[in-house]
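One rule links them: number in this note's numbering = place in the sequence shown (from 1) + 399.
Cβ atoms here follow ideal geometry from the backbone N, Cα and C, with glycine treated the same way.
Computed from a predicted structure; not experimentally measured.
Below is one structure; the comments refer to it alone.
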Amino acid sequence: MARFMAALKRSAPWAARNADGAIALGLAIVVGVLGIMPDEIFGPQGDEIQGQLVTAATLVILALVATALLRDRARQAPVEKTITSGALAELPVRLARLEEIETLAHSTRRALDSLQLVRVLGSRQEIAHSHAEARKDTTRWSFKGGTGTYLRAVTLPECVAAARRDKRHLRVSVEIIDPGDVEVCETYAHYRRSLSDAPDGTGETWTTDRARKESYATILAAFWHRQRYGLLDIEVGLSSTMTTFRWDLSSTRLIMTVEDPNMAMTALADTFYYENCDTELRLSLEQARRVPLEMYKKVPLGDEPTIEEVQELFERIGVPLPKSYNGRDVVDIARKALRAVDPYS
């Protein structure tokens with residue numbers, strides 16, 4: 400009896416919270432008991448009385464079940480309304496925010512990937528290897544710098560030789576300081592001397608006259624190579640301002656060097672830095688004074704250009720040599736054009 404009372408006490412709170420369900424359960428038990436009891440217990444008309452009791456109890460059970468369902472619906476209505484008007488209503492906004500976050504994450508990842516592809520080269524060997532990789536199978540080359548000494552000594556001859564070997568088109572654009580502008584040549588020479596008074600890799604020191612000759616030599620080299628390879632498209636621009644950087648841009652990478660032969664920076668194609676430097680070089684060349692390379696057929700140059708050929712070339716293209724230059728100076732320009740010494744060797 401004590402156990403029954405304890406169980407009753409434990410179940411009382413549940414029954415109070417679910418009175419309709421508890422009553423329906425109790426009635427169901429009663430109906431079940433009435434259904435199995437013998438008819439004689441209810442007297443002479445026991446069968447009829449038993450049926451009426453079961454029917455009445457069943458209707459009461461159905462009513463209680465319906466009441467419980469209605470009560471549960473009433474309880475769920477505020478919850479459904481909250482979900483519908485709250486979380487579900489905000490779902491499009493949240494999805495839009497998730498899309499924005501995903502786009503931002505993708506852009507950030509792409510920017511980080513681009514930054515990772517800009518790296519510093521810290522030795523002559525690394526810089527030379529990077530230049531070699533840039534020249535490999537390239538179909539274009541853009542240069543902007545001082546006088547183009549390394550361009551004449553290594554880049555242009557090797558790129559043209561590779562293009563001729565593969566019988567493919569090569570497009571080259573060059574921007575150097577204007578040899579006719581004495582002021583910019585003097586500024587450039589002074590800058591190079593301020594970094595070091597010692598001779599550079601070519602064995603020469605920098606003077607205004609050397610800066611002018613180096614630029615003249617680059618122009619001469621452009622014409623000489625253009626006349627000897629029909630699939631070479633080359634353009635040269637002359638700038639009245641100098642830059643402390645040198646840009647070399649191929650189909651696959653950009654290399655930016657400075658006067659320190661052991662320091663440079665490189666970026667692969669299709670990166671943010673590469674694309675913006677490409678735009679910079681294009682716009683800068685458009686503002687430079689153009690050398691009329693289309694006249695390459697009108698002033699033919701021999702395999703070993705003569706003094707007269709060189710002088711006539713510069714006169715015809717509107718970039719005359721200084722009147723103070725004699726035959727030795729012209730020969731010096733031709734030597735620098737076709738037999739330039741690698742300043743980093």
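- Leu630, DSSP secondary structure in three states: Residue state, collapsed to three classes: coil.
- Task: Determine, using beta carbons only, whether Leu615 and Ala736 come nearer to each other than 9 Å.
- Result: The question names Leu, yet the displayed sequence has Tyr at residue 615. Yes, they are a contact pair.
- Message: I want to know whether the segment 681-691 touches the segment 707-718 - three or more CB-CB distances under 8 Å.
- Response: yes
- Straight-line CA distance for Leu637 to Ala495? 53 Å
- Message: Rounding to the nearest angstrom, what Cα-Cα distance links Leu684 and Lys543 in this structure?
- Response: 8 Å
- Buried or exposed by the 16-neighbour rule on C-beta atoms within 10 Å, applied to Ser595: exposed
- Message: Measuring alpha carbon to alpha carbon, tell me which residue in Glu711, Lys612 and Ala531 is nearest Thr651.
- Response: The candidate whose alpha carbon is nearest that of Thr651 is Ala531.
- Query: In or out: Pro721 buried (at least 16 other Cβ within 10 Å) or exposed?
  - Reply: By the 10 Å Cβ count, Pro721 comes out exposed.
- Environment of Pro699 [buried if 16+ CB atoms lie within 10 Å]: Looking at its Cβ environment, which holds fewer than 16 other Cβ atoms inside 10 Å, Pro699 is exposed.
- Message: Tell me which residues share the same chain as Val729 and place their Cβ nearer than 8 Å to its Cβ, disregarding the 5 neighbours each side in the sequence.
- Response: Ile706, Val709, Gln710 and Leu720
- Message: Let me check one thing: in DSSP terms, what residues is Asp647 bridge-paired to?
- Response: Phe542 and Ile654
- Item | Euclidean distance between Cα positions of His505 and Phe671 | 15 Å
- Please work out which residues of its chain come closer than 6 Å, Cβ to Cβ, to Glu658, disregarding the five sequence neighbours upstream and downstream, and give them in chain order. Leu594
- Task: Use the C-beta contact count for Arg534: other C-beta atoms within 10 angstroms, 16 or more gives buried, fewer gives exposed.
- Result: buried
- Task: Could you give the DSSP three-state label for Met664: helix, strand or coil?
- Result: strand
- Does the beta-carbon of Ser572 have 16 or more other beta-carbons within 10 angstroms, so that it is buried, or is it exposed? buried
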